[in-house]
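Residues 46 to 272, numbered by the numbering used here, are exactly what the sequence shown covers, in order.
For reference, the structure discussed in these notes is given below.
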Amino acid sequence: MRILIVEDDKPLADGLLRTLRRSGYAVDHAGTGELALRACKEEHYDLVVLDIGLPGIDGFEVLKQLREDNSVGSILVLTASGAETDRVSGLDLGADDYVTKPFSLPELEARVRAVLRRSQAVHGPTMRIGGLSLNAKARRAYIGEKELELTPREWGVLEYLIPRAGQVVSKDQMLQALCSWDVSLTPNAIEVYVSRLRGKLEEAGIRIRTVRGFGYMVEDPDGRRAS
46 MRILIVEDDK PLADGLLRTL RRSGYAVDHA GTGELALRAC KEEHYDLVVL DIGLPGIDGF
106 EVLKQLREDN SVGSILVLTA SGAETDRVSG LDLGADDYVT KPFSLPELEA RVRAVLRRSQ
166 AVHGPTMRIG GLSLNAKARR AYIGEKELEL TPREWGVLEY LIPRAGQVVS KDQMLQALCS
226 WDVSLTPNAI EVYVSRLRGK LEEAGIRIRT VRGFGYMVED PDGRRAS
């Protein structure tokens with residue numbers, strides 16, 4: 046699961062980053078609304094934790110644009126204590142939940158888990174592309190009825206690449222996403238795991254193409270993105 050923290054208060058943002066990364070999430074940070082919108086155009090996030098009181102483009106405008114673009118999964122807004130109108134406005138604009146400041150880190154983490162659970166229940170944990178299906182909750186991959194034998198590292202690389210089918214992703218992006226749970230990964234290791242996955246995905250008709258100078262791109266034989 047990949048999360049974006051949009052918060053201009055650096056000490057608070059640092060605390061959120063440490064807490065969520067310790068729980069195994071891949072977490073990025075944006076300090077302004079402009080940076081958040083740019084990040085969401087370049088990366089898919091399962092959850093955005095969005096402060097309403099941002100400098101420049103405020104949280105409401107960011108929330109509105111993200112929902113219009115349908116570019117992220119769930120959105121959890123952070124509002125000032127007692128600001129009922131902010132909470133109502135955020136929910137009306139498409140937020141999935143809210144937390145009022147000040148809050149404890151364990152409370153925020155519990156809300157994050159709850160929002161992600163609801164999202165999985167609605168959208169289902171299975172992704173399909175070509176002849177391949179991935180069950181994210183069970184961390185299993187199948188070609189038809191046959192389960193693929195994958196190491197934890199191979200699963201991590203595959204889980205990152207498949208939702209981004211049709212997009213070019215760099216080794217650096219993959220390392221940043223995967224190093225939250227495996228700090229020993231290196232660019233050379235990424236090459237090894239991609240090479241292994243290529244052989245295992247041939248039967249599903251899926252090709253991982255090297256885009257020289259940029260990174261990798263998963264090609265779906267039907268020309269569709271994972272769903």
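Just so you know, even glycine gets a beta-carbon here, dropped at the ideal spot from N, CA and C.
| Item | Value |
| --- | --- |
| Neighbour-count burial assignment, L246, 16 or more Cβ in a 10 Å radius | buried |
| According to DSSP, residues forming a beta bridge with N180 | T171 and R185 |
| Same chain only: Cβ atoms within 6 Å of V117, ignoring 5 sequence neighbours per side | C85, Y90, V93 and L111 |
| Three-state secondary structure assigned by DSSP to E88 | coil |
| Residue range of the unbroken alpha helix (DSSP H) whose run includes R29 | No answer is possible for residue 29: it lies beyond the span of the chain, which begins at 46 and ends at 272. |
| Same chain only: Cβ atoms within 8 Å of K146, ignoring 5 sequence neighbours per side | L123, T124, A125 and S126 |
| Collapsed DSSP secondary structure at Y143 in the structure displayed | strand |
| Pair within 8 Å by beta-carbon distance, V144 and L138 | no |
| Neighbourhood of I253 by C-beta, 8 Å cutoff - its chain only, sequence neighbours within 5 removed | L206, V239, L242, R243, L246, Y261, M262, V263 and E264 |
| C-beta atoms of L65 and E52 nearer than 8 Å | no |
| Contact under 8 Å by Cβ, R47 with A222 | yes |
| L161 and D142 closer than 8 Å at C-beta | no |
| Beta-carbon proximity of A75 to L57, cut-off 8 Å | no |
| Beta-carbon separation (whole angstroms), G135 vs I97, contact threshold 8 Å | 7 Å |
| Residue of V202, V256 and T255 minimising C-alpha distance to A234 | V202 |
| Nearest-angstrom beta carbon gap, L177 and I188 [assumed within contact, 8 Å] | 6 Å |
| Beta-carbon gap between R198 and E192 smaller than 8 Å | no |
| Beta-carbon separation (whole angstroms), S215 vs S164, contact threshold 8 Å | In fact, because the Cβ distance is near 27 Å, the residues do not count as touching under 8 Å. |
| Contact belief for P232 with L220 at Cβ below 8 Å, rounded distance in angstroms | 7 Å |
| C-alpha distance - L80 paired with G104, whole-angstrom precision | 12 Å |
| Rounded distance between the beta-carbons of G78 and E113, thought under 8 Å | Contact doesn't hold; Cβ gap of about 14 Å is too wide. |
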